[in-house]
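Asks: Numbering-wise (the working numbering), the sequence shown opens with residue 5 and increments by one.
Where is the CB? At the ideal position from N, CA and C, for every residue including glycine.
Values in this document were obtained by computation on a predicted structure and should not be read as measured data.
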Amino acid sequence: MTKHTTVKAVTFSNIKSNYGTPYFHESLVCYIVKAVLSANTTVTPVQLKHHTTNVHIPFQTVPVFHKVKWVLVDTCDHGDPPATVNSMHACPG
Numbered sequence: 005m006t007k008h009t010t011v012k013a014v015t016f017s018n019i020k021s022n023y024g025t026p027y028f029h030e031s032l033v034c035y036i037v038k039a040v041l042s043a044n045t046t047v048t049p050v051q052l053k054h055h056t057t058n059v060h061i062p063f064q065t066v067p068v069f070h071k072v073k074w075v076l077v078d079t080c081d082h083g084d085p086p087a088t089v090n091s092m093h094a095c096p097g
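#1: Count the other CB atoms, across all protein chains shown, that sit within 10 Å of the CB of Val77; report buried if there are 16 or more and exposed otherwise.
#2: Have a look at Val50 and Thr56 and give me their C-alpha separation to the nearest angstrom.
#3: According to DSSP, is Asn44 part of a helix, a strand, or is it coil?
#4: Looking only at DSSP bridge pairs, what is His93 linked to?
#5: In this structure, how does DSSP classify Val11 when only helix, strand and coil are distinguished?
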């Protein structure tokens, strides 16, 4: 990931219209519900939908990264330099 966001704050409505993600808010709520459940908990889609009705998100904007880079790092101290293995660039609109 880059150190700094490309856009500091994008509203949920702008994410829907400019980034082509009409279900961003719903997906974020599902992600939050799954994240707070214990690791060995299995929920059905109906149960997940029920849990999402009780989630309140206390913010209306999120930071956005338009560039993401995956770097392979030498974890075994062989002296290998970091290498970019993949990258992604997004252009909204």
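Replies: Inspection of the coordinates gives the following:
#1: Exposed is the call here.
#2: Here the alpha carbons of Thr56 and Val50 stand approximately 10 Å from one another.
#3: Three-state DSSP puts Asn44 in coil, outside helix and strand.
#4: In the DSSP output, where bridge partners are listed per residue, His93 has Lys71.
#5: Strand, per DSSP.
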